[in-house]
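Numbering follows my numbering, in which position 393 of the sequence shown is assigned residue number 393; successive positions increment by one, without gaps. The beta-carbon is built from N, C-alpha and C at its ideal position, and this holds for glycine as well.
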Amino acid sequence: MKIEQLRNFGVLAHIDAGKTTLSECILYLTGAESRMGAVDVGTAVMDWHSEERERGITISAAIAHCPWRDHRLQFVDTPGHVDFAAEVRRSLQVLDGALVVVDALEGVQAQTYSVVRQAQEHQLPLLFVFNKMDRHCAEFRSSCAVAAEQLQIEIVPLQLAYFKDDHFTGVIDLINMRLLQWNPFDDCAEYETLDIPESMSVRAVEAHQQLCSKVADLSEEFENYYLEHSTLTAKMLRSGIAQAARMYKWYPALATSALQRVGGQQVLDAVIDYLPSPLKGAEVSLHDSQTGKDVVLNVDGEESVVYVFKVERITKKDVAYVRLFSGQLASGQQMYLERTGQRFTVEDCFTVLADDLQSKATFANGSLFVIKAEIELQSGDTLRSSPARGALEPDSLSSPVMSMRVEPPVDGDRDELIAQCKWICRSDPSLAMQCDDGQIVLRGQGQLHLEIAAKRLTDECGFAVHFGGVMIEQYESIDEVHSLEMDYSHFDDTSNRLSLELEVSAADHHGVKLRYSPLLSDIDSQLLDSLYSGRVFYGWVGPAGYGLRALSVRVTKLELADKAHDVADLLVAAMHSCMSQVLSQKGVVQKPFLSFEVRTPDSELSSILADLQARNANILVVEQEDGRALVRAEAYFSELADYSTDLRSQSRGRAELTIGRQSWKS
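And the structure:
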């Protein structure tokens with residue numbers, strides 16, 4: 001199959017928007033599965049982890065592939081809960097486009113803002129799918145308008161929703177001007193193409209004209225044809241919609257009921273017609289951490305360049321989920337791990353549907369698949385068929401916001417517990433482990449994130465792991481740019497000394513990152529790798545005793561004494577001393593700070609606002625409409641401990657909390 005016939009896309013959404021149900025619908029309609037799994041009863045193919053089936057939510061990104069219209073669709077079903085946002089970010093790096101699923105009745109939620117913003121940062125064309133149109137009072141075009149206003153983007157409907165006897169049974173296709181109607185009594189696997197009913201014809205013509213006008217604005221060719229004929233051909237409309245999506249002019253929208261399988265085929269058609277192939281996706285760059293230079297990857301090149309976006313344990317195999325960005329990859333092929341320069345063999349390659357692995361000898365450019373390697377890989381690794389430098393940089397990770405102690409039942413199980421902690425941190429880099437003073441501490445993105453990790457640890461270890469001491473994390477950082485110059489000698493050996501100046505500034509990533517400096521060009525390459533990758537700084541703490549985050553460091557002066565020796569140790573010790581002094585003078589302690597939304601009946605609003613004020617929350621917006629209220633606010637994470645439980649009790653289960661973006665404040 002040609003690369004032009006591939007589509008790599010993700011399914012993104014807020015929790016409970018019907019994202020996994022849409023994924024199951026896609027698998028069923030394309031024939032990849034003979035039945036449609038259900039999230040609520042734990043039979044969803046894409047939610048294959050035991051915790052996913054028990055909780056009814058997606059925790060880990062799952063890959064599937066299926067055929068449609070002589071194309072191969074490869075898609076990733078991503079988590080919707082905010083605690084697993086890092087899993088979503090890693091998945092976005094291997095996609096060429098995405099479906100954003102919105103509950104047509106509930107509309108845009110906090111995590112919807114987050115996934116749309118992240119997709120835009122990755123330059124992904126988006127198709128909006130307004131799901132659950134079978135719910136009472138769902139209205140497609142008004143849902144599009146409200147979502148567009150809230151997200152501050154332009155959303156253009158490609159359809160009108162069609163209701164028969166108050167049931168959502170079809171859509172009016174505004175491109176071909178036909179009614180597509182499903183029969184709910186034959187499982188909606190097929191639909192009829194009919195004339196538009198007279199009662200809908202005026203609305204359909206108006207909507208068609210609006211769509212033509214939007215497309216006509218995209219090019220002089222379309223505009224001239226529209227002025228002459230007062231319409232555009234179906235071919236022109238499809239071409240224009242694809243152009244708008246790929247150039248981020250506006251976002252096409254479709255109406256569906258994934259549960260009832262109404263509109264699913266049109267979603268599949270839209271993926272092929274409007275999302276790009278791997279050849280036309282966003283530009284991909286290789287970053288050399290030693291020189292600081294970026295080089296655009298030639299996706300048509302012969303070198304095999306592979307990106308690892310997650311590692312997983314399936315049927316007792318440690319495997320890596322990968323995207324091939326250029327060249328091809330085969331079982332038995334020799335590759336280099338760019339992070340270390342180590343050469344290794346790809347032992348096997350697999351196609352994958354959730355947790356079902358099928359061995360396959362060779363994969364072509366653009367493929368999403370799974371490999372088993374003879375060495376340990378981790379999420380974010382770049383693999384190359386040559387020893388050349390340059391990596392597909394992983395997305396920067398958020399700093400963990402909570403931690404908990406992890407203990408084995410007996411001391412004899414300690415080594416096994418540490419080994420399994422290292423494994424789950426390797427499979428999920430948004431987790432971190434630290435062993436200090438005999439204690440094992442696991443850090444994560446929230447309480448649910450740590451609960452899932454704890455359950456995974458128990459399953460992997462095979463014995464009862466004890467957990468406790470859940471705490472909210474704090475870090476040391478800096479609010480402004482500060483430079484410090486110092487002379488440093490090692491262990492009072494004044495001949496073994498150097499002069500060093502560091503410029504330390506705030507950044508937007510976890511931990512410490514060293515920016516490229518030509519002054520370090522003569523330093524040992526192994527040390528440079530450790531410095532630029534941040535491994536040297538792992539475990540460093542500031543003067544207040546907390547870990548470090550969001551620090552960008554640049555060496556602006558480096559002079560070694562003539563008799564300087566053990567330069568690697570000398571330089572690292574000097575940098576540690578210099579940064580400690582900077583933080584002593586200018587450092588701040590930062591705590592996790594969250595934005596959130598509360599949706600509540602008007603009758604509960606006053607008590608909820610009073611409670612939020614008691615928690616020192618900053619209330620940003622209060623909107624009231626049709627007996628319901630929306631409160632947007634922000635507060636320190638520590639003030640929101642057990643808030644979801646308290647809110648349910650306070651509102652008698654009628655209010656809903658949605659956690660939004662995390663930041664850090666002093």
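Sequence-distant residues of the same chain with beta carbon closer than 8 angstroms to residue i, five excluded per side
i, result
"MET471", "MET402, SER403 and MET404"
"ALA204", "LEU160, ILE172, LEU174, MET177 and ILE196"
"PHE163", "THR169"
"LYS665", "GLN590, LYS591, PHE593 and TYR636"
"GLY107", "SER143, VAL146, ALA147 and GLN150"
"PHE222", "VAL215, ALA216, LEU232, MET236 and GLY240"
"SER577", "MET486 and TYR488"
Buried or exposed by the 16-neighbour rule on C-beta atoms within 10 Å, applied to residue i
i, result
"HIS65", "buried"
"PRO125", "buried"
"ALA419", "exposed"
"GLU192", "exposed"
"CYS435", "exposed"
"ARG90", "buried"
"LYS293", "exposed"
"THR169", "buried"
"ILE375", "exposed"
"ARG117", "exposed"
"ARG216", "The sequence given here places Ala at residue 216; Arg does not occur at that position. When all chains shown are included, ALA216 counts as buried."
"ASN224", "exposed"
"ASP96", "buried"
"PHE325", "buried"
"MET579", "buried"
"ASP415", "exposed"
"ASP428", "buried"
"ILE620", "The amino acid at residue 620 is misidentified as Ile; the sequence shows Leu. Classification for LEU620: exposed."
"MET1", "exposed"
"HIS167", "exposed"
Proximity below 8 angstroms, CB of residue i to CB of residue j
i, j, result
"VAL102", "PHE140", "no"
"GLN378", "VAL299", "no"
"ALA373", "GLU347", "yes"
"GLU639", "ASN616", "yes"
"ASN672", "LEU368", "Outside the modelled stretch of the chain, which goes from 1 to 666, sits residue 672, for which no answer is possible."
"PRO408", "LEU6", "no"
"LEU179", "LEU194", "yes"
"LEU519", "LEU528", "no"
"LEU99", "ALA138", "no"
"MET133", "THR233", "no"
"ASP273", "ARG238", "yes"
"ALA507", "ARG599", "no"
"VAL308", "VAL295", "no"
"LYS557", "SER505", "no"
"TRP182", "VAL94", "no"
"LYS513", "GLY534", "yes"
Expected contact under 8 angstroms - CB spacing of residue i and residue j to nearest Å
i, j, result
"ALA564", "ARG497", "7 angstroms"
"VAL284", "LEU218", "VAL284 to LEU218, Cβ: 26 angstroms. No contact."
"GLY587", "SER483", "Between SER483 and GLY587 the Cβ distance is about 14 angstroms, and since that is not below 8 angstroms, they are no contact."
"PHE596", "ALA13", "At roughly 18 angstroms, the Cβ-Cβ gap does not stay under 8 angstroms, so PHE596 and ALA13 are not in contact."
"TYR488", "TYR546", "Actually they are not in contact, since the Cβ atoms of TYR488 and TYR546 sit about 24 angstroms apart, beyond 8 angstroms."
"VAL88", "VAL115", "6 angstroms"
"ALA253", "CYS349", "Actually they are not in contact, since the Cβ atoms of ALA253 and CYS349 sit about 37 angstroms apart, beyond 8 angstroms."
"SER430", "GLN447", "With a Cβ gap of about 14 angstroms, SER430 and GLN447 do not count as contacting."
"MET335", "LEU383", "5 angstroms"
Neighbourhood of residue i by C-beta, 6 angstroms cutoff - its chain only, sequence neighbours within 5 removed
i, result
"SER289", "TYR532"
"LYS214", "VAL156"
"VAL352", "ILE63 and VAL370"
"LEU259", "THR21"
"HIS466", "GLU407"
"GLU485", "GLU501"
"GLU634", "SER595 and ASN618"
Cβ neighbours of residue i in the same chain (closer than 7 angstroms, five flanking residues each side left out)
i, result
"ASP524", "ALA568"
"SER607", "GLN650"
"LEU92", "GLY10, GLN118, ALA119, HIS122 and LEU124"
"HIS208", "LEU174 and MET177"
"GLN624", "ASP602"
"ALA17", "GLY80, VAL101, VAL102, ASP103 and ASN131"
inquiry  = Under 8 angstroms: do the region 298–311 and the region 323–330 share three or more Cβ pairs, one atom per stretch?
reply    = yes
task = Tell me, please, whether the region 560–579 touches the region 446–461 by the rule of three or more beta-carbon pairs shorter than 8 angstroms.
result = no
query = Does the pairing of the region 264–276 with the region 358–365 give three or more beta-carbon distances under 8 angstroms?
reply = no
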